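In the numbering used here, the protein residues as written are 6 to 215.
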């Protein structure tokens with residue numbers, strides 16, 4: 006099942022970057038990405054905004070091998086875009102770590118993506134690769150899918166441990182039976198770090214449960 010992550014990547018090594026930069030008012034909504042041939046992925050995306058100018062810009066984008074219009078309306082157009090062979094390193098790494106794309110948005114600010122990673126190691130590997138290539142990686146949300154290994158409700162290992170210790174020691178009882186310092190001592194971290202993990206963990210539980 007794995008982890009579902011929502012994140013934003015900014016890099017000149019991302020597909021379609023040149024075409025979008027040429028038409029900054031366009032927004033691309035990624036419907037799906039076909040990776041039957043990893044060296045020639047096919048992107049189905051809907052361009053909202055000046056899509057005719059975007060279609061012209063695709064011809065000058067070095068990451069695009071071919072493109073075709075699938076559907077068109079007065080406000081948007083759906084394109085089938087075959088990426089160049091070989092794909093850019095950051096996208097190739099995205100495929101190599103076993104990621105399943107679940108949707109995305111492309112603007113001049115970068116790629117916002119929602120994707121399923123096999124595990125935390127794969128996510129960490131992809132993030133490190135993006136940073137090593139000079140890009141930025143901002144994780145916005147992480148959710149553990151039901152039935153998969155690891156902490157539930159999208160918690161990190163550190164947040165889960167902090168909440169578990171806090172509950173077992175009576176941190177949430179009334180009156181409170183322990184202190185942040187006592188929890189920090191048990192976890193081997195500073196009181197401010199323990200407090201932050203507890204607060205972020207509670208926020209993540211509420212975010213995924215409500």
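Quick reminder that beta carbons are idealized off the backbone N, C-alpha and C, glycines included.
Here the structure is a predicted model, which means the values were calculated and not measured.
| Check | Outcome |
| --- | --- |
| Any 3 or more C-beta pairs closer than 8 angstroms across the stretch 112–121 and the stretch 18–38 | yes |
| Supposed contact pair residue 107 and residue 121 - C-beta distance, whole angstroms, cut 8 angstroms | 6 angstroms |
| Nearest-angstrom beta carbon gap, residue 109 and residue 119 [assumed within contact, 8 angstroms] | 7 angstroms |
| Pairwise C-alpha distance: residue 101 and residue 199 | 35 angstroms |
| As assigned by DSSP and simplified to three states, the class of residue 24 | helix |
| Start and end residues, beta strand (DSSP E) containing residue 71 | 69–77 |
| Other residues of its chain near residue 25: CB distance less than 7 angstroms, five sequence neighbours each side excluded | 31, 33, 111, 112 and 113 |
| Three-state class that DSSP yields for residue 120 in the structure shown | strand |
| Unbroken alpha helix (DSSP H) run spanning residue 40, endpoints | Segment: none, residue 40 is in no alpha helix (DSSP H) and carries neither H nor E. |
| Rounded Cβ spacing between residue 53 and residue 35 (contact assumed at less than 8 angstroms) | Actually they are not in contact, since the Cβ atoms of residue 53 and residue 35 sit about 12 angstroms apart, beyond 8 angstroms. |
| Cβ pair count under 8 angstroms reaching 3, the stretch 201–215 against the stretch 161–174 | yes |
| Paired residues, beta bridge with residue 8 - DSSP | 122 and 149 |
| Residues bridged to residue 52 (per DSSP) | 33 and 82 |
| Buried or exposed (CB count within 10 angstroms, at least 16 for buried), residue 14 | buried |
| Residue interval of the beta strand (DSSP E) (run including residue 111) | 105–112 |
| Nearest-angstrom Cα separation, counted from residue 93 out to residue 67 | 10 angstroms |
| DSSP-derived helix/strand/coil call for residue 2 | Because residue 2 is not part of the residues shown, which for the chain are 6 to 215, the question remains open. |
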